[in-house]
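Residue numbers (this note's numbering): 386 to 670.
Worksheet: one structure, shown below.
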Ligand code: ADP
Ligand code: MG
């Protein structure tokens, strides 16, 4: 089973929930930190990162001796990542989405591919958790291919938890697409509700079951709870604002370690998710 943890709004508590859920369940859980622009789950799990792999994406290289400057490569590229100007071909690698279209349409096979570095994947083990994260190269704008590469490390069985990036655009879609359940972490404020609506819209467009964790549940108002009821999105856990949670976080400590009474609550959260996944699976069969 794959559970992705997303939110729309940043800073709502995704990483807090993802890391504590993984560790509360103990053995044989995999955690993928797909917030590749700012991975920080490792700061709480403290894994010894034993493997590092560079991830590249294919981009075109043009042999100008073979090129006839016909312009077909530039015409097919939706992102203007390759442009023919007179007797020069200019590839813009940072705009390239690696579709291979330019190479396919070139009538004289003047285009080959080289790898552009997107970032690295690091992995290790800690607290009974198999840990993998991606780290986007500084200056790199294209995170979805790196997120997909991190997700390609998903184990074939057992439980995988994905800590998704904030927002509702391509990187989040790459992190939650095809998962069995999306756990949306929100807070009961107008900003939280606004972004929650966007996130629920994205989850529904992907046809995925979802549920809510309302974090800092005792601040703000009841607009999130009313919205959840109207939309039929179950609230699976409420976490109050607790200074001790923020203090543990700032020390790089897990909530389930600093405040052990939270461990069974995260186990219950998982059981609620598993029941929904079993139910939706049974319905779609
Ligand atoms: P995200 O992954 O969504 O960006 P984090 O889990 O990193 O969010 O949490 C963001 C900040 O909010 C951290 O400083 C964390 O300590 C704080 N925080 C999260 N939940 C609580 C809570 N229930 N009470 C107090 N502080 C919290
Ligand atoms: Mg985070």
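The C-beta atom is built at its ideal place from N, Cα and C for all residues, glycine as well.
| Asked | Found |
| --- | --- |
| Would you say residue 626 touches the ligand ADP, meaning its beta carbon is less than 7 Å from a heavy atom? | yes |
| Indicate the three-state DSSP secondary structure (helix, strand or coil) for residue 386 in the structure shown. | coil |
| Report the residue from 520, 409, 546 whose alpha carbon sits nearest the alpha carbon of residue 534. | 520 |
| In this structure, does DSSP put residue 392 in helix, strand or coil? | coil |
| Using 7 Å as the cut-off, classify the Cβ of residue 420 as near or not near the heavy atoms of the ligand MG, replying yes or no. | yes |
| For residue 394, tell me which candidate among 504, 544, 453, 575 has the shortest Cα-Cα distance. | 575 |
| So the beta strand (DSSP E) residue 541 belongs to, where does it begin and stop? | Taken as a continuous stretch (DSSP letters only), residue 541 belongs to no beta strand (DSSP E), as it is neither H nor E. |
| Note the first and the last residue of the continuous alpha helix (DSSP H) segment covering residue 445. | Looking at the DSSP string, residue 445 is not in any alpha helix (DSSP H); the run it does join, the beta strand (DSSP E), is 433–447. |
| On the CB-based measure, 16 or more other CB atoms within 10 Å of its CB, does residue 410 come out buried or exposed? | buried |
| Pair every Cβ in the segment 485–505 with every Cβ in the segment 444–456, then say whether three or more of these pairs are closer than 8 Å. | yes |
| Smallest Cα separation from residue 554: which of 584, 542, 620? | 584 |
| Can you tell me whether DSSP reads residue 397 as helix, strand or coil? | coil |
| Suppose only complete runs of 3+ residues qualify. What are the beta strand (DSSP E) ranges in the segment 605–630, listed by chain order? | 620–624 |
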